[in-house]
Each structure stands twice: as structure tokens, then as C-alpha cells.
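Q: Just passing along the structure, written as C-alpha cells.
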Amino acid sequence: VLLGSGLTVLSQPLMYVKVLVQVGYEPLPPTLGRNIFGRQVYQLPGLFAYAKHIAKVDGRAGLFKGLAPRLCSSAIGTVVHGKVLQGWWGGSCSFWGGCSLPDASSLLQPGASKKEPVSSLEQVVKETSREMVARSAATLITHPFHVITLRCMVQFIGRETKYSGTLSAFATIYREEGVLGFFAGLIPRLLGDILSLWLCNMLAYLINTYALENGVRAPRPARGRLARAGGVSTMAEMKSYSQAVTGFFASMLTYPFVLVSNLMAVNNCGLAGGLLPYAPTYSSWMDCWSQLHREGNMSRGNSLFFRKVPAGKRYVWE
Numbered sequence: 001v002l003l004g005s006g007l008t009v010l011s012q013p014l015m016y017v018k019v020l021v022q023v024g025y026e027p028l029p030p031t032l033g034r035n036i037f038g039r040q041v042y043q044l045p046g047l048f049a050y051a052k053h054i055a056k057v058d059g060r061a062g063l064f065k066g067l068a069p070r071l072c073s074s075a076i077g078t079v080v081h082g083k084v085l086q087g088w089w090g091g092s093c094s095f096w097g098g099c100s101l102p103d104a105s106s107l108l109q110p111g112a113s114k115k116e117p118v119s120s121l122e123q124v125v126k127e128t129s130r131e132m133v134a135r136s137a138a139t140l141i142t143h144p145f146h147v148i149t150l151r152c153m154v155q156f157i158g159r160e161t162k163y164s165g166t167l168s169a170f171a172t173i174y175r176e177e178g179v180l181g182f183f184a185g186l187i188p189r190l191l192g193d194i195l196s197l198w199l200c201n202m203l204a205y206l207i208n209t210y211a212l213e214n215g216v217r218a219p220r221p222a223r224g225r226l227a228r229a230g231g232v233s234t235m236a237e238m239k240s241y242s243q244a245v246t247g248f249f250a251s252m253l254t255y256p257f258v259l260v261s262n263l264m265a266v267n268n269c270g271l272a273g274g275l276l277p278y279a280p281t282y283s284s285w286m287d288c289w290s291q292l293h294r295e296g297n298m299s300r301g302n303s304l305f306f307r308k309v310p311a312g313k314r315y316v317w318e
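What follows is the structure in C-alpha cells.
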């Protein structure tokens, strides 16, 4: 919990800028710069220029708006995730690192040949299902804090103070929107988390089993226990790298769910950032998805560097 809280504090300015970009708020005009190929293009401000602008307006402390409810969400989510795993299955998955998935070599029955792994895919599916339930439970319980975090950040656009504290924000949402207001944007967030988890773990399993395992099955002359230990260590490192790569790939593919969820959490909530010209009033998250798709904005906010201004797109800046 302490490690997670520390990471949350360090990443708060990054998330703050990302949320404002996702909403479509551009406080600074594009500047003429060069892309990675050296060609001159108009670019929107990146992470550091954006953060500098926020600090100029609200001071450095302003970069940490919404930190309190986000810390609550992080701590409660970690506890709930762990309790679900321990209480139901006694699992060993980590909330921050995901499940530690088994590979084919670790799933052998006594006396079985190494060429015949026993139901390794079934074991991966089982472990992933456990992690899915635990993460979904944590997301469901902490989503109200997530909604408050986003709305505290989006207040920067209209300079509102409607959500000035965590407890008062709970009262405001309940008074104006009822219980459902606490779960705005929940469905796309859950769908994105579930799809990302399954993509990541299944791709990692395929790579570890059919690429890495098969790649080292060629017979080699024995060189003693030390050499074998070195080979095991190298294989473990390669598998950890494959997990990181597949996790990044899965997060890229499911990013539109994150974007839609965040937009629905602030849409039509009485803040300037949830109304025109930044966003129309969406009837549902699918309506939001379809409009973003038509506008070509499904990846808005995915990158905070080298943000080229697309041709024909309109942005609102001061």
C-alpha cells in the first residue's frame, strides 16, 4: 500500500495533464516544431509545457489536484484486490504487477515428460479469471473515488470549486445525480481492464510457451550446474520482458475504453470541461465512443509528446 501510494503521488502531475488533454482542453496554441523525421509540423504543447502552464496558474501544488481521492482509491483498491484473492483462492497475484502466470515447464505432473505439459493453458485461464474478478471488484468499489478525482482535475478548465473536498464531493454527486452518478463511466472502464488483462496474459503465454520455450529446446552440451542456473535466469528475464511488452501492447489497444470512461465520468456534470465546446452531452458511453470514432479522436491523450495537430481538427485554447 505504501509503495502504491508513493507511485500515485509521483504520477499525479502526469495523470492531471493526461486527463485535461483527454477532455480536449488546450490552453496553449500550437507551435512550429519538427517531428522525429526532421519535418516541420505544428505541434500541440507536450507534457512539460502543459505542466508548466498549470504550475503558472495554480502554483506547483496545483499539479496535485485530485490527489486525496486518488490515494483513497489506490489504498482501498489494493486492500480489496488482495482480500478477494486471499479470501476466495489464496492467490498470489499483485495488484500492481498482475498475476504471476505459470509457464509450461512448471505445470508438469509427477513423472510426466517435459514434452507433455499438463493443461498449462487451462491454468493460465484459471489464474487470469481469478485476477479478473479481483480487479473488477476493486474497480467497482473504488470507482466513486475515481470519478471525484477526474472532476477535481477538470475543474481547472472553468476555474470551478464545486468539488473542493472528497466528502463534500460525495454529497454533491449524490444530491445532483443520485447513486448512479458515482458510477459514471464504469462500464467502459471495466471492459477495458478485462480486455487488457486477457490480451496481456494470453499473448504472454503464447510467447513464453511457443517462442521462448521452443527457442531453447535445441540440445546443447552440458556445462555444469552454474551454466544451467544461468540459462534459467536468462529465460526468466526474457519472460518478464515479454510480459512487459504484451502489457504495453494490450494497453495501447484498449486505450479507447480508458478515454471513453474518463469522458463519461465528467460529461454533463455541471463543469465547463464536461460541456461544449469541449464535449457534447452524450446519451451513453457507446454514443461517446461513436462520436469520438467519427472525429478520429480515439487516441486523444494517449501520447503527451510530439503531439502533432491533425489536419482539419479544431481545438479550443485560450
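If you count the sequence shown from 1, position 79 lands on 79 in UniProt numbering, and the numbers rise without skipping. Even for Gly, the Cβ is constructed at its ideal location relative to N, Cα and C.
#1: Measure how close the beta-carbons of A184 and M264 come, nearest whole angstrom, since I'm counting them as under 8 Å.
#2: Output needed for L14: all residues of its chain with C-beta closer than 6 Å, excluding positions within five of it in sequence on either side, in chain order.
#3: Taking 6 Å as the limit between beta carbons, can you name the residues of its chain near P69, skipping five residues before and five after?
#4: Any idea what DSSP makes of V125, helix, strand or coil?
#5: Might you give, ordered along the chain, the residues of its own chain that have their beta carbon closer than 8 Å to the beta carbon of Y278, omitting 5 neighbours on each side?
#6: Please work out which residues of its chain come closer than 7 Å, Cβ to Cβ, to G247, disregarding the five sequence neighbours upstream and downstream, and give them in chain order.
#7: Could you tell me the alpha carbon to alpha carbon distance between I54 and M286, rounded to whole angstroms?
#8: For the alpha helix (DSSP H) containing R294, name the first residue and the last one.
#9: Mapping the DSSP letters down to three states, classify L186 as helix, strand or coil.
#10: Of the residues V154, G4, V245, which one's Cα is nearest the Cα of C72?
#11: Would L190 and S251 qualify as a contact pair, given that the criterion is a beta-carbon distance under 7 Å?
#12: Give me the residue from V258, S196, C288 with the minimum Cα distance to A244.
#13: Please name the residue in D193, L180, C152 whose C-alpha comes closest to that of A169.
#14: Taking the CB atoms as reference points, tell me whether H143 and L186 lie closer together than 7 Å.
A: For this structure:
#1: By a beta-carbon distance limit of 8 Å, A184 contacts M264. Their separation comes to about 5 Å.
#2: none
#3: F145, I148, T149, T166
#4: helix
#5: V23, G24, Y25, I157, A272, V316
#6: C200
#7: 32 Å
#8: Start and end: 285-295.
#9: helix
#10: G4
#11: no
#12: S196
#13: C152
#14: yes
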